[in-house]
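**Q** Numbering (full-length UniProt numbering), first residue to last: 1 to 196. The C-beta atom is built at its ideal place from N, Cα and C for all residues, glycine as well. Quantities reported herein were computed from a predicted structural model and do not represent experimental measurements.
(1) Throw me the rounded Cβ distance for the residue 120 and residue 164 pair, which I believe falls under 8 Å.
(2) Go through its chain and collect everything with a Cβ distance to residue 105's Cβ below 7 Å, but skip five positions before and after it.
(3) Taking the C-alpha atoms as reference points, what is the distance between residue 59 and residue 166?
(4) Could you tell me the alpha carbon to alpha carbon distance between residue 3 and residue 35, rounded to whole angstroms?
(5) Kindly list the residues whose CB is nearer than 7 Å to the CB of residue 176, restricted to its own chain and excluding five residues on each side of it in sequence; keep chain order.
(6) Measure the CB-CB distance between residue 133 and residue 171 and report whether it falls below 9 Å.
(7) Does the segment 68-83 come into contact with the segment 18-34, if we say contact requires no fewer than three beta-carbon pairs (one atom in each stretch) closer than 8 Å?
(8) Locate the beta strand (DSSP E) running through residue 152, then write down its first and last residues.
(9) Using the C-alpha atoms, what's the distance from residue 44 back to residue 194?
(10) So what does residue 31 bridge to, in DSSP terms?
(11) Whether or not the segment 110-124 and the segment 39-53 are in contact is what I'm after, with contact meaning three or more pairs of Cβ atoms, one per stretch, closer than 8 Å; do they touch?
Okay, structure coming up:
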């Protein structure tokens, strides 16, 4: 069974959705740990309450120290994949290249449109009629790697940004685990070594 690590920064709603599917058996993976860059991130407490090992990445000592800790976790748990679930840090090109094709992220817009930390706000400000979510591999550029799946979300006439954001998050929770299951089972091929 694929061993994965989850990275979060805040509430961990995507983490929760993934852990629910692992528990139900819909997503065949072993969550080795949940790690955050933020002390006191609510998602860490939620993960610990569910019996999942938690880790704090020491960004207070700099990015290099935090990523070295993450390297050690990867080796210790023999990870197949690192899953970013609301992780708001940009991983260094060196870290990404050393784990090329093995890091996956979800973004709250239809890439390549509206990359970056404010995908929902940027799409809303631009006035799009359809936005959505994207699951993609992480490469050395921001929100740029190979797109694995997308789900559109229509902007309704009576939407405000808060109602749109809630629907985008619901779409994330549906799309992410399904894409991960296809990825881990080999239905989606990335061009990398998928035999792990």
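**A** So, to answer that:
(1) In the chain shown, the residue the question calls residue 120 occupies position 120. In the chain shown, the residue the question calls residue 164 occupies position 164. That pair is a contact at about 7 Å.
(2) Within the chain shown, the letter at position 105 stands for residue 105. 84, 136, 138, listed in sequence order.
(3) Taking the chain shown and counting its residues from 1, the one referred to as residue 59 is at position 59. Taking the chain shown and counting its residues from 1, the one referred to as residue 166 is at position 166. If I take the Cα positions, the gap works out to 30 Å.
(4) Counted from its first residue, the chain shown places residue 3 at position 3. Counted from its first residue, the chain shown places residue 35 at position 35. Cα-Cα distance, rounded: 14 Å.
(5) In the chain shown, the residue the question calls residue 176 occupies position 176. Cβ neighbours of residue 176 beyond the five flanking positions: 14, 17, 18, 106, 135.
(6) In the chain shown, residue 133 corresponds to position 133, counting from 1. In the chain shown, residue 171 corresponds to position 171, counting from 1. In this structure, residue 133 sits near residue 171, with a CB-CB distance shorter than 9 Å.
(7) By the criterion of at least three beta-carbon pairs nearer than 8 Å, the segment 68-83 is in contact with the segment 18-34.
(8) For the purposes of this step, residue 152 is taken as residue 152 along the chain shown, with counting starting at 1. Run containing residue 152: 147-154, per the beta strand (DSSP E) assignment.
(9) Locating residue 194 in the chain shown gives position 194, counting from the first residue. Locating residue 44 in the chain shown gives position 44, counting from the first residue. With a pLDDT of only 45 at residue 194, under 50, the local geometry of the prediction cannot be trusted, and no value is derived from it.
(10) Taking the first residue of the chain shown as 1, we reach residue 31 at position 31. According to DSSP, residue 31 bridges with 4.
(11) Output reads no: the segment 110-124 does not touch the segment 39-53.
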